[in-house]
Every structure is written in C-alpha cells, then in structure tokens.
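Single-structure report; data block below.
2 protein chains.
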Amino acid sequence: MKLGIFGYGNLGRGVEYAVKQNDDVDLVAIFTRRNPNDLNVLTANVPVLNVSEIENWKDKIDVLILCGGSATDLPEQTPKYAKMFNVVDSFDTHARIPEHFANVDTAAKETGHTAVISVGWDPGLFSLARMYANAILPDGKDYTFWGKGVSQGHSDAVRRIEGVQDARQYTVPVDASLNAVRSGETPELSVREKHTRECYVVLKEGADAKRVEHEIVSMPNYFDQYDTTVHFISQEELDKNHKGIPHGGFVIRNGKTGLNNETNHTIEFSLKLDSNPEFTSSVLVAFARAVYKLNQEGQFGCKTIFDIAPAYLSAKTSDELRKIML
Amino acid sequence: MKLGIFGYGNLGRGVEYAVKQNDDVDLVAIFTRRNPNDLNVLTANVPVLNVSEIENWKDKIDVLILCGGSATDLPEQTPKYAKMFNVVDSFDTHARIPEHFANVDTAAKETGHTAVISVGWDPGLFSLARMYANAILPDGKDYTFWGKGVSQGHSDAVRRIEGVQDARQYTVPVDASLNAVRSGETPELSVREKHTRECYVVLKEGADAKRVEHEIVSMPNYFDQYDTTVHFISQEELDKNHKGIPHGGFVIRNGKTGLNNETNHTIEFSLKLDSNPEFTSSVLVAFARAVYKLNQEGQFGCKTIFDIAPAYLSAKTSDELRKIML
Chain A
23 MKLGIFGYGN LGRGVEYAVK QNDDVDLVAI FTRRNPNDLN VLTANVPVLN VSEIENWKDK
83 IDVLILCGGS ATDLPEQTPK YAKMFNVVDS FDTHARIPEH FANVDTAAKE TGHTAVISVG
143 WDPGLFSLAR MYANAILPDG KDYTFWGKGV SQGHSDAVRR IEGVQDARQY TVPVDASLNA
203 VRSGETPELS VREKHTRECY VVLKEGADAK RVEHEIVSMP NYFDQYDTTV HFISQEELDK
263 NHKGIPHGGF VIRNGKTGLN NETNHTIEFS LKLDSNPEFT SSVLVAFARA VYKLNQEGQF
323 GCKTIFDIAP AYLSAKTSDE LRKIML
Chain B
23 MKLGIFGYGN LGRGVEYAVK QNDDVDLVAI FTRRNPNDLN VLTANVPVLN VSEIENWKDK
83 IDVLILCGGS ATDLPEQTPK YAKMFNVVDS FDTHARIPEH FANVDTAAKE TGHTAVISVG
143 WDPGLFSLAR MYANAILPDG KDYTFWGKGV SQGHSDAVRR IEGVQDARQY TVPVDASLNA
203 VRSGETPELS VREKHTRECY VVLKEGADAK RVEHEIVSMP NYFDQYDTTV HFISQEELDK
263 NHKGIPHGGF VIRNGKTGLN NETNHTIEFS LKLDSNPEFT SSVLVAFARA VYKLNQEGQF
323 GCKTIFDIAP AYLSAKTSDE LRKIML
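Going down the list, the sequences are from chains A and B. Here the first sequence is numbered in this note's numbering, starting from 23 and rising by one per residue. Here the second sequence is numbered in this note's numbering, starting from 23 and rising by one per residue.
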C-alpha cells in the first residue's frame, strides 16, 4: 500500500513512525502548505512537496492521510481530497460529524473513492467501545473518563491569559467516581465529580500570580465547572517534566441482564498513552489499510469506524486471524 | 427479526432474557432434544418444540441461535442447521475453530444462509480486543487474564474425584502480575504467575480430605501447574455463596511507537460479569441481528466477529450511531 501524508505536525510525524512498523505500507510522499525545504522529515528519499503539486500524485498514492486540524483544515480538506484520493482523517469535532460525513461521502462516491473520517481514539476506539457495549447490553449506563492527559485546548486557553509565558493543562479523572463506576455502581455524576483540572503555569516576569490563577479557575466552560489546581513553575521545570503529550481514559458501561434485570455486568475499555498524537497516527495507519482494501472491493463513499469490519485493519489474512487471534 | 432458540440450558435461558431487552427481536420458537413438556420457559405463548419438528420452521425463523456445547453439540449442529437457517453459535474450542468454520461456511454458502460462529467473550469480545490492539500497535505484547470467575471444566474435574459431593472452582488472576502488565511492563509470565485456582469442595460423608486435596492439586494440566487452594465447606455454604456463574477477565496489549520505539501505550479491555452465560447470550443476540442484516444484503457463508462491521450489531441506524455514539 502506497501512503501519502498531508500535513507534517505531530500527527504527520506519528504516521511516519507508524509506517516503519508496518511492512505492507510504503510512504511515497509528504505534502505540506509550508516550504518543503523547511521540513526535516525522518524517512530518507521520500519526496516532500508543496500541496500545489498534489494533483500530479493522483494515481501514485493508494491512501492519503490527512493530518490537519479539525477546526478549519479538515472540513475543507477531506471533501476536497476525497475527490482525488482514498483518504483517512481524525476529525474530532463530535457535533459536526454528520455534516462532515455528508460532505466527504458525496465527494468520494462521485469519484469512486473510499474515505474514513473521525478515526483515532475519541472519536474512534472509545466510540467503538461505547457502541459494542450498548449493542450487547441495551439496559445500562455509559461513562467516559478522560486522562490523566494533556488537553491542548485547555493548555492553549491558559497560554492566552495575559502574563502567562507557557502552560500545560492536565485533565484528571476523579478517582472516587472512577472507582465507583468500575465497581458496578451507576451514579449520576456532575461535570465536577468526573474530572479535575491541573495547570502547570510559567509566568512572565512581573506577572501577578493571584490574578492569573483567578482568571484560570473562573474561565467559563474551560475551568469554572471544575476543581482546578494551578501550579506555578519555571520554564525549565515545564520543559523537563511537562513536554510530553500523554493522554488516555476509560469507557465503561454498567449493564443488566436476567429475569428481572438483577444480574450486573461491567464492560471497560481503557487507554494509557504516552503520546496522544503518536497513538492516533497508529490508528490512522491501520484504517488506511482498511480504506485501501474497501476501495479495491468497490466499496466507495465515506465510512466511520462503525462501518468497517475489524479484519480490514489487519495485515493478516482472515485464515490467520481465525487461527491465532480468535 | 424472528428468533429461534435451539437448546434450553443456561445459554438458551439467557437468550430468552436478552430478547426481552431488544424491541426489534421476537422469540418465535424454542427447540429441544428433550420432551418439550419438561421445559419451563419464561416467555408466554412461545411454542416449545421437539427438534424433530424443526424443518417445518425453515421459513418462519430469521435466525436460529444454537445454545449447545462445543464438545459434541455444535460441531454437528451448526453445519447441519446452517443448511436450513441463518445461525449463530458460541463455539469455544479455539483449536478447532478453522475446521468448524470451514464446515459451517460450506453449508451456509450452498444454501444462501449466513452464519457467525464463536461469538461470546472469549472467543468473542476478547478476540476483538486482541485484534484491534494488534492492528494498531504492531510492536507490542499481549496478555490475557481470566477471572475472577467460575471455570465449569475445572469444577467438573473436581466433582469427578472420588469422595467429592459437589465443587466449585474459581480462576483468579495473580494481582502482582496483572498490576505489572497494567502499568506498562512486559514480563514473561509462566502459567503459575498468571492465575491461581481456588476450589470450594463439599465432601461425601467419610471421604478423606487429605487425599481429595492431594488429588486436586496434583491433577495434570488442570491444577498441577498452578498454585491451588482447596477449601472444604458444607453443601449449604456452597449453595448459599457459590451458586452463581460469574466470570470476566482482562485483555491487555502493551505496545510501542516513536522514532526509536521509545513511547509506550497500554490498551486494556476488561469484563466483570455476574453471569457468564447471561452475558454470552446477550452477545449472541446482538450478533443474531448482524447475521440477519448480512443475509438480507446477500452476504452468505460463515463469518466471525472479525468479519462483521460493528454497526450491524446495533438496532440503531448508521445516522443515529454517528450522531450519538461517534
């Protein structure tokens, strides 16, 4: 399978790492909106090209992985490039998925391409865990806890406060709530009861720590509904201890069966990721394989993780999978 | 969807419970090899029939769920009834799955039926967790821990010992090993390091406890490779505290990504089931829905959990799933 990468940030770099772990996948081109000479890519001999050249690659790439952001890049890029390539994206604005799906579906169907959108872990593997668990235990209650992990959006929000030089925000599940749910209880949990927020903040010289802390903890939607802890640290300490982008979380469904619904079951799926983007990239590459196979079978249009039989993700044959994994 | 049940033990009864939770599923017949009058079924007005009448129901049942055992029932029944019906089974003899698959596939394809075999949680949801995790993190190590839960096979083995009146055997993961793996370590674990076995045994009057205990702990394959604890209790205590059939376990993959494989990730899927058969039955019913849809689309032959797109399991439309679960 010949793969292209569009966009060379953390995700694009992660795709490059993942390709090296998959023998059936070759990286054949990296596209960027920047000057290609400014990119320091990992793979020797792979062409790095400005996006203006992408049309010339129409027949040379089996699947193009779109590594842009969900706010403005992907809503435009995925439908556009689904007209030229089979594509995979990690669009993660949950509320806009139906609209994005429709746009990509039209573009892909018109041109005989296959696309999968919103691949990653949430949306992605977490969605899958919710869906399987709901189909199996229709009478039950779902919980999703995120973290401990870095929220880029919340880190950015803190960095925009006057007097802040740098910041990292961690989302942390509330242990007592997580443990209650894991033990089979089905409490109603408020926003505050599910997660706390921890901020590590580097102040600019002369900034007022009290004011910055107040602005953080009272920030509407981002922090005001949570118990938030603010730690002021040096840039050195932040660089040393908080430069990673870990994340993860827990999807739990507690459900009931039996004559009078008296039997309890807990289904749990969890991730502990040292690098959120590297893991997401690995998911993207597995789904690129699926998209390639689906397209070869003539299954055109837009798919999500719900529409793709698991075996398509694997480099192994169905015979092998039945023998060694079932 | 019109469902039939074949075999009315714990699994068949569990299917009956699950049907009541799924509005799109109707139970239309229960078949048994016993005298139908001996069955005390839950659902009012559902015909209970001897298997000799099953051919008359060929066009009246959308999916037949086979609730027999894997040792002798299913290897014969699933291929046989896949010639008359769409079928689902929970065949769980891992080593014989390729052979069983081939037999069922031939029967179903010849007659335009759809079958899914080996549905449940292991094989089943645990297989799925292994497969997704392996496709996403090709460089990693898998662990499966079972329990705490009742092993019927081991309980039966203890009951066959002379002097034993009744017995229940629990398989228990070794906490230290489970916690090491969950924290991202990738130890090589021996059989003994992964699970312990706990037996609750009721002796017949006059039986020699020392001899029974020795026969249990030294029993080849079943117990000799494990640290086994034997508790002698009264029949009353066994009936009171050990009549349930709980089970569950953990599927964990620790994998690596990054430039030099220096980034660690842990993917974990776990189940805690108060009733092993009731949960398995709920999985069977969700896959019966999938089999029905696949057959309507003309997708004939035998499938496994790897071959079925997740959305087929749900009573919800793809639009709804994208909106509320992705």
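Built from N, CA and C at the ideal position, the CB exists for glycine as well. All values reported here derive from a predicted model rather than from experimental measurement.
Let's see if you can read the secondary structure: which residues bound the beta strand (DSSP E) around A/Val273?
Translated into the one-based positions of the first sequence, residue 273 of chain A becomes position 251. His269 to Thr279 is the extent of the beta strand (DSSP E) around A/Val273.
Output yes or no for whether 9 Å exceeds the beta carbon distance between B/Asn108 and B/Asn298.
The sequence position of residue 108 of chain B within the second sequence is 86, counting from 1. The sequence position of residue 298 of chain B within the second sequence is 276, counting from 1. Contact flag unset, no.
N- and C-terminal bounds of the beta strand (DSSP E) containing A/Gly36
Here residue 36 of chain A refers to the residue found at position 14 of the first sequence. From DSSP, A/Gly36 is part of no beta strand (DSSP E) but of the alpha helix (DSSP H) over Asn32 to Gln43.
Is it the case that the stretch 83-96 of chain A contacts the stretch 60-73 of chain A, given that we only count it when at least three CB pairs across the two stretches are under 8 Å?
no
Under 9 Å between the Cβ atoms of A/Asp111 and A/Ala137?
Residue mapping note: residue 111 of chain A aligns to position 89 of the first sequence, counting from 1. Residue mapping note: residue 137 of chain A aligns to position 115 of the first sequence, counting from 1. Cβ distance < 9 Å, so A/Asp111 and A/Ala137 count as in contact.
For A/Gly280, which residues in chain B fall below 9 Å Cβ to Cβ?
Taking the first sequence and counting its residues from 1, the one referred to as residue 280 of chain A is at position 258. In chain order: Gly36, Tyr39, Asp296, Ser297 and Glu300.
So, for B/Tyr165: in the same chain, excluding its five sequence neighbours on each side, which residues have a beta-carbon less than 6 Å away from its beta-carbon?
By 1-based counting over the second sequence, the position of residue 165 of chain B is 143. Here the set comprises Val203 and Ile274.
Would a check of beta-carbon distances place A/Thr326 closer than 9 Å to chain B?
Taking the first residue of the first sequence as position 1, residue 326 of chain A is located at position 304. It does; some Cβ of chain B falls within 9 Å.
Complete beta strand (DSSP E) runs within the stretch 207-233 of chain B (minimum length 3 residues, chain order)
217-225
Just the chain A side, please: which residues come within less than 8 Å of B/Met347 by C-beta, in chain order?
Within the second sequence, the letter at position 325 stands for residue 347 of chain B. Going along chain A in sequence order, the residues near B/Met347 (Cβ under 8 Å) are Ser149, Arg152, Met153, Asn156 and Phe328.
List the endpoints of the continuous beta strand (DSSP E) containing A/Thr115.
What you label residue 115 of chain A is simply residue 93 of the first sequence in a count that begins at 1. Neither: A/Thr115 is in no beta strand (DSSP E) and is coded neither H nor E.
Are the CB atoms of B/His269 and B/Leu293 nearer to each other than 9 Å?
The residue you call residue 269 of chain B lines up with position 247 of the second sequence. The residue you call residue 293 of chain B lines up with position 271 of the second sequence. Yes; because the gap between Cβ atoms is below 9 Å, this pair is in contact.
What does B/His116 reach in chain A if we use C-beta pairs closer than 8 Å?
To locate residue 116 of chain B, count along the second sequence from 1; it is residue 94. Correct list: Leu348.
Could you say which of A/Val234, A/Gly277, A/Gly162 and A/Ser304 lies nearest to B/Leu159 if we only look at CA atoms?
Residue numbering aside, residue 159 of chain B sits at position 137 when the second sequence is read from its first letter. Closest option to B/Leu159, Cα to Cα, is A/Ser304.
Going by alpha carbons, who is nearest to A/His253 out of A/Thr288, A/Gln191 and A/Ala198?
On the first sequence, residue 253 of chain A is found 231 positions in, with the first residue counted as 1. Nearest C-alpha to A/His253: A/Gln191.
Could you check how far apart the C-beta atoms of B/Ala129 and B/Ala104 are, in whole angstroms? I think they sit under 8 Å.
As a first step, residue 129 of chain B is located in the second sequence; it is residue number 107 there, counting from the start. As a first step, residue 104 of chain B is located in the second sequence; it is residue number 82 there, counting from the start. 4 Å between Cβ atoms; contact.
Residue range of the beta strand (DSSP E) that includes B/Gln191
Counting from 1 along the second sequence, the entry for residue 191 of chain B is found at position 169. Unbroken beta strand (DSSP E) run through B/Gln191: Val186 to Pro195.
Once you ignore the five residues that flank A/Val68 on each side, which residues in its own chain have a CB closer than 8 Å to its CB?
Position 46 of the first sequence holds residue 68 of chain A. So the qualifying residues of the chain are Leu49, Val50, Ala51 and Ile52.
In angstroms, rounded to a whole number, what distance separates the CA positions of A/Lys226 and A/Phe291?
Taking the first residue of the first sequence as 1, we reach residue 226 of chain A at position 204. Taking the first residue of the first sequence as 1, we reach residue 291 of chain A at position 269. For A/Lys226 and A/Phe291, the distance between alpha carbons rounds to 41 Å.
Name the chain B residues that come within less than 8 Å of A/Gln318, Cβ to Cβ?
Taking the first sequence and counting its residues from 1, the one referred to as residue 318 of chain A is at position 296. Ordered by position in chain B, no residue passes the 8 Å Cβ test against A/Gln318, which lies about 16 Å from the chain.
Cβ-based contacts, 8 Å cut-off: residues of the stretch 102-127 of chain B near chain A:
His116, Ile119, Pro120 and Phe123
Anything in chain A within Cβ reach of B/Asp161, meaning under 8 Å, just list it in chain order.
Along the second sequence, one-based indexing puts residue 161 of chain B at 139. Taking a Cβ-Cβ cut-off of 8 Å, the neighbours of B/Asp161 in chain A comprise Gln43, given in sequence order.
Entirely enclosed beta strand (DSSP E) segments - the stretch 99-168 of chain A, minimum 3 residues:
108-110, 136-138 and 162-168
To the nearest whole angstrom, what separates the beta carbons of B/Ile289 and B/Ala155, a pair I think is in contact under 8 Å?
Residue 289 of chain B sits at position 267 when you count from the first residue of the second sequence. Residue 155 of chain B sits at position 133 when you count from the first residue of the second sequence. About 4 Å separates the two Cβ atoms, so the contact holds.
Residues of chain A with CB under 7 Å from B/Asn286, in chain order?
Within the second sequence, numbered from 1, the residue matching residue 286 of chain B stands at position 264. Per Cβ cutoff of 7 Å: Asp296.
When burial is assigned at 16 or more other CB atoms within 10 Å of the CB, is B/His236 buried or exposed?
By one-based count along the second sequence, residue 236 of chain B stands at place 214. Looking at its Cβ environment, which holds fewer than 16 other Cβ atoms inside 10 Å, B/His236 is exposed.
Sequence-distant residues of its chain with Cβ nearer than 7 Å to A/Tyr314 (five each side left out):
In the first sequence, the residue the question calls residue 314 of chain A occupies position 292. Around A/Tyr314, the same chain offers Met23, Asp84, Val85 and Asn108 as residues with beta carbons nearer than 7 Å, after the five sequence neighbours per side are excluded.
In chain order, what residues of the stretch 70-97 of chain B put their CB closer than 7 Å to some CB of chain A?
For the stretch 70-97 of chain B, the set of positions with a beta-carbon nearer than 7 Å to some beta-carbon of chain A is empty.
Measuring CB atoms only, is the stretch 278-286 of chain A touching the stretch 240-252 of chain A, in the sense that at least three cross pairs come out at less than 8 Å?
no
Using the C-alpha atoms, what's the distance from A/Phe28 back to A/Pro209?
Taking the first residue of the first sequence as position 1, residue 209 of chain A is located at position 187. Taking the first residue of the first sequence as position 1, residue 28 of chain A is located at position 6. Linking A/Pro209 to A/Phe28 through their CA atoms gives a straight-line distance of about 44 Å.
Under a CB-based cut-off of 9 Å, is A/Arg190 close to chain B?
Residue numbering aside, residue 190 of chain A sits at position 168 when the first sequence is read from its first letter. Not one chain B Cβ lies under 9 Å of A/Arg190.
Tell me, which residues are paired with B/His253 by DSSP?
By 1-based counting over the second sequence, the position of residue 253 of chain B is 231. DSSP output for B/His253 lists B/Tyr222 as bridge partner(s).
Buried/exposed call for B/Leu64, threshold 16 Cβ in 10 Å:
Residue numbering aside, residue 64 of chain B sits at position 42 when the second sequence is read from its first letter. With fewer than 16 Cβ atoms within 10 Å of its Cβ, B/Leu64 is classed as exposed.
By the DSSP assignment, the alpha helix (DSSP H) with B/Lys315 in it spans what residues?
The sequence position of residue 315 of chain B within the second sequence is 293, counting from 1. Where B/Lys315 is concerned, the enclosing alpha helix (DSSP H) stretches over Asn298 to Gln318.
Kindly say whether B/Arg55, judged by its beta-carbon, lies nearer than 9 Å to any beta-carbon of chain A.
On the second sequence, position 33 is the one that residue 55 of chain B refers to. False, the Cβ-Cβ gap to chain A never drops below 9 Å.
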